[in-house]
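Read through the structure below, which is laid out as structure tokens, and then see the notes.
Below you can see the structure in the form of structure tokens.
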């Protein structure tokens with residue numbers, strides 16, 4: 001009896017043995033990874049967990065991203081850096097008007113949080129998590145030069161009398177981010193904040209930084 005020749009299609013990444021082929025695009029996998037990162041933190045999310053959430057085999061995920069580091073690189077370069085660049089542009093466009101720059105920053109943060117569902121909760125995970133993976137990865141790849149340059153700009157505004165001297169430059173970004181991104185992150189899963197809108201969050205943040213809490 002002659003040997004039976006198998007003419008079936010060779011198995012490719014993402015095709016479970018004996019099952020229906022499941023595929024996902026690179027963009028879809030990045031979206032799913034960002035959703036999981038924002039839900040449970042980057043440090044607590046494995047490649048296998050991302051593959052499971054996407055309904056594909058780990059082989060398919062490795063077909064696009066050879067390692068977790070490569071996935072993080074893609075996420076940072078393709079999803080996170082464009083957002084950071086949009087914020088950084090505000091400082092370049094308004095070098096002599098800090099109040100306008102920071103006011104626009106609050107509005108842009110709200111726009112980004114509304115447009116990208118992962119942005120606010122991912123920032124929250126980075127802040128409250130034990131290991132700030134995103135910040136560590138950014139510093140390792142791109143250094144601290146842009147951050148230090150922005151801090152120098154804020155200090156320069158204070159020295160010129162254009163910005164409150166009592167503000168702590170190192171805390172200013174964290175303060176503005178918190179005022180906008182914390183409510184955006186909570187409004188999706190806290191029924192007490194269901195009535196919030198992006199407009200009300202911006203209005204509140206600008207009232208706090210513009211007039212404080214005094215009458």
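Residue numbers (the UniProt record's numbering): 1 to 215.
All C-beta atoms, glycine included, are put in the ideal place defined by N, C-alpha and C.
- As the crow flies, the alpha-carbon of residue 154 is around 15 angstroms from that of residue 104.
- For residue 114, the enclosing alpha helix (DSSP H) stretches over residues 98-115.
- Look at residue 210 here: in three-state DSSP terms it is helix.
- Around residue 68, the same chain offers 47 as residues with beta carbons nearer than 6 angstroms, after the five sequence neighbours per side are excluded.
- Within the same chain, and ignoring the five residues on either side of residue 202 in sequence, the residues whose Cβ sits closer than 8 angstroms to its Cβ are 106, 107, 110, 180.
- In this structure, the beta-carbon distance from residue 137 to residue 76 falls below 8 angstroms.
- Contact between residue 102 and residue 171 does not hold, since the beta-carbon distance rounds to 13 angstroms and is not under 8 angstroms.
- Note on residue 41: 16 or more other CB atoms within 10 angstroms of its CB, so buried under the neighbour-count rule.
- For residue 39, the closest alpha carbon among the candidates 55, 124, 58 is that of 124.
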